[in-house]
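K.L.:
Just dropping this structure here.
In UniProt numbering, the protein residues as written are 1 to 383.
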């Protein structure tokens, strides 16, 4: 923490080099790339929070003594070697490394070339801290590899990679899955849905969906699709309210065939592929849906399995939605922007997992461990 604070001006200056070389056409990635005073403060806070958490290794998960006399304890254990591949986001260089290190894991950091100057100085900060404490710099390594070299590294790593986390878009995830020989945990894809029930408080719906859409368009927890129940009171009037809401905030609206009958001057979605797309932009789809079951079915078909929200005053309807929607986080009358380690009380996160093994949702310190069985006997043999 002290090193980050001491070198904050160097970090921000290095980041300026990355920003100057970056094409701002991709606003979402540019936003993720920025390191300012607030971002450095966030890095320091993440390190502080992880330091204050209990050591996750060696914790007893379960203990039992069998009738045979065998004494069996299941304890948490380090993964060993972790690799994270990420685009932009220099703060990941701090958060991922501190989590891995605290959980007794070595970590390989493969950041994008767009953040090379930022990541290099952050690696220097890590190595300075490790050396001050008499530890090897090998605990935390920033890989300086191009795409071909990264492919070779994934196929033939210098040592076993026990967990590989691609944190980014569809192309990055597909690339890692194609070439990795170790276990891959998918993170980063959003395409999040919000369903406005016929029982919704519409003022709540507007407040929640606007926050979910515009608070941070570069977040994987940002909102991309809104489904409005056709059975809601004053359906056409409410669609026009949404049109005005999003237009007032410079959000581009795409509509499905049904909604286009009401919002006649909005562009229709170009193809079914749009329903699968994560926008990371000031863009949203508004679609019509006929009831809860249809909404659940549509979300499960098209969403990224990240976050989904229902707006309704009917608690039983909300419970059904949350139980049946297959996403890492499900919400009732709340913004999808809360799918975040800090916001959920987990603290610093390695990533947001949309996989079901070994963990789903924010990967915090407690999730960066596996387990091991300790079996104590007295000459026991199996017969």
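Where a beta carbon is used, it is the ideal one built from N, C-alpha and C, also for glycine.
1. Taking only runs that begin and end inside the region 44-130, name each unbroken beta strand (DSSP E) of 3 or more residues, in chain order.
2. With the cut-off set at 8 angstroms, would you say residue 226 and residue 262 are in Cβ contact?
3. For residue 165, tell me which candidate among 25, 41, 350 and 376 has the shortest Cα-Cα distance.
4. Rounded to the nearest angstrom, how far is the Cβ of residue 328 from that of residue 364, given a contact under 8 angstroms?
5. For residue 31, name the three-state secondary structure that DSSP assigns.
6. For residue 335, which residues of its own chain have a beta-carbon under 6 angstroms away from its beta-carbon, when the five flanking residues on both sides are left out?
7. Drop a sphere of 10 angstroms on the beta-carbon of residue 50, count the other beta-carbons inside from all chains shown, and report buried for 16 or more, exposed for fewer.
8. Kindly list the residues whose CB is nearer than 8 angstroms to the CB of residue 240, restricted to its own chain and excluding five residues on each side of it in sequence; keep chain order.
9. Classify residue 321 as helix, strand or coil using the three-state DSSP reduction.
10. Is it true that the region 83-101 meets the region 166-173, where meeting means three or more beta-carbon pairs spaced less than 8 angstroms apart?
11. So within the region 189-218, which uninterrupted beta strand (DSSP E) runs reach at least 3 residues, ignoring any that extend past its ends?
12. Restricting to runs no shorter than 3 residues, where is the beta strand (DSSP E) found entirely within the UniProt domain "Aldehyde dehydrogenase" (283-340)?
13. In chain order, what residues of the same chain have a beta carbon less than 7 angstroms from the beta carbon of residue 300, not counting five sequence neighbours either side?
14. Could you say which of 339, 214, 294 and 129 lies nearest to residue 321 if we only look at CA atoms?
15. Compare the C-beta of residue 59 with all C-beta atoms of chain B and state if any pair is closer than 8 angstroms.
16. So, helix, strand or coil for residue 239, using DSSP?
17. Once the 5 residues before and after residue 53 are set aside, which same chain residues still bring their CB inside 6 angstroms of it?
18. Check whether the region 67-87 and the region 243-258 are in contact - that is, three or more C-beta pairs closer than 8 angstroms.
19. Classify residue 136 as buried or exposed, calling it buried when 16 or more other Cβ atoms lie within 10 Å of its own Cβ.
20. Can you give me the Cβ contacts of residue 39 inside the same chain, cut-off strictly under 7 angstroms, excluding the 5 residues immediately before and after it?
21. Can you tell me whether residue 174 is buried or exposed? The criterion is at least 16 other CB atoms within 10 Å of its CB, across all chains shown.
22. List the endpoints of the continuous beta strand (DSSP E) containing residue 141.
23. Span of the beta strand (DSSP E) holding residue 355?
24. Of the residues 330, 303 and 304, which one's Cα is nearest the Cα of residue 311?
25. Between residue 323 and residue 199, which are expected to be in contact by the criterion C-beta below 8 angstroms, what is the C-beta distance as a whole number of angstroms?
26. For residue 229, which beta-bridge partners are listed by DSSP?
27. So does the region 226-237 actually touch the region 264-282, counting three or more Cβ pairs closer than 8 angstroms?
28. So if DSSP puts residue 361 in a beta bridge, which residue, or which two residues, is it bridged to?
29. Taking just the CA atoms, how far does residue 290 sit from residue 246?
30. For a quick check, are the C-beta atoms of residue 162 and residue 79 less than 8 angstroms apart?
31. Check the C-beta distance from residue 123 over to residue 142 and give it rounded, since I have them as a contact under 8 angstroms.
32. Where do the N-terminal and C-terminal ends of the beta strand (DSSP E) with residue 254 fall, by residue?
33. Name, in chain order, the residues that DSSP records as bridge partners for residue 370.
34. Near residue 376, which residues of its chain fall below 6 angstroms by C-beta distance, leaving aside the five closest residues on each side in sequence?
35. Looking only at C-alpha atoms, which of 101, 268 and 108 sits nearest to residue 57?
36. Over the uninterrupted beta strand (DSSP E) stretch that includes residue 167, give me the two end residues.
P.N.:
For this structure:
1. 60-65, 71-78, 81-86 and 106-110
2. no
3. 350
4. That pair is no contact at about 13 angstroms.
5. helix
6. 208, 211 and 212
7. buried
8. 262 and 263
9. helix
10. yes
11. 192-196
12. 283-289, 307-311 and 329-332
13. 325 and 326
14. 294
15. Protein chain content of the structure displayed is limited to a single chain, and chain B is not contained in it.
16. helix
17. 365
18. no
19. exposed
20. 91
21. exposed
22. 140-142
23. Premise fails: residue 355 is in no beta strand (DSSP E) and is neither H nor E.
24. 330
25. With a Cβ gap of about 17 angstroms, residue 323 and residue 199 do not count as contacting.
26. 289
27. no
28. 353
29. 23 angstroms
30. yes
31. 4 angstroms
32. 252-255
33. 77
34. 71
35. 101
36. 163-167
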